[in-house]
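Here's the structure we're looking at; comments come further down.
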Amino acid sequence: MPCLSLIPAKGFGLNNFTTEAEVVEAIENINRAVVWDTNSYNDLVDLRMKQMTTEIFRPNVPHIAVVLTDGKAQRDEWTKNQGQKASQAGITVICVGVGQSINHQELLSIASGNSDNVFNITNLEVVDNIVAEVGNRICEAVDPAE
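Per the UniProt record's numbering, residue 1 is the first one in the sequence shown, and the count goes up by one each step.
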C-alpha cells in the first residue's frame, strides 16, 4: 500500500499480511508527512513504476489503487497524462476527492475518465457510504476463481 504525498513513499505490500487485523494495524501505523502541495502526477508515476509491480502484486489479480486527493494538483496536465499511463498499465484507479473545493475534472483524469470510479467526500456523513461503494468496486473486479 503506497503512501502518496509530496514525495511518495512505500507504505507496505499487501502480500506481507494474512489477516484483516494485520492490514488495519499497518494502515494505522503509516507515517504521514505534512504536505503543502498536491503532486498527484508524481504519486501516479511512483504508483505505476514502483508500487504496483509484480514483486508486490500477483499478475493475475486486478491492480486497483484508491487515491485520496484534494483535487488541486499543481500540474494538472501531467496528472492527466499519468492517470492515462496508469490505466494503460492495467491499474484501475479509484479517485476520492476530499474537501469542499474539489476539482472534479482532475479527479476524473486521475481515474482515466471513468466517472464510476470518482467519489467526493465533502462531509464526514458520506464517508461510510463511499467506503462501502469503493469496497464493492474492488470486490467486483476480483474473480473469485483466481
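Ideal Cβ placement from N, Cα and C applies to all residues, glycine included.
Do the CB positions of residue i and residue j come within less than 8 Å of each other?
i, j, result
"residue 102", "residue 137", "no"
"residue 106", "residue 135", "no"
"residue 26", "residue 92", "no"
"residue 83", "residue 112", "yes"
Helix, strand or coil: which one does DSSP assign to residue i?
i, result
"residue 110", "helix"
"residue 97", "strand"
"residue 92", "strand"
"residue 148", "What the structure shows of the chain is the stretch from 1 to 146, and residue 148 is not part of that stretch, so it cannot be assessed."
"residue 136", "helix"
"residue 130", "helix"
"residue 66", "strand"
Whose CA, out of the options, lies closest to the CA of residue i?
i, options, result
"residue 129", "111, 96, 45, 83", "96"
"residue 80", "65, 108, 121", "108"
"residue 47", "22, 105, 110, 100", "110"
"residue 68", "119, 19, 58", "119"
"residue 50", "139, 89, 123", "89"
To the nearest angstrom, how far is it from the Cα of residue i to the Cα of residue j?
i, j, result
"residue 23", "residue 77", "34 Å"
"residue 86", "residue 45", "8 Å"
"residue 131", "residue 66", "11 Å"
"residue 126", "residue 56", "31 Å"
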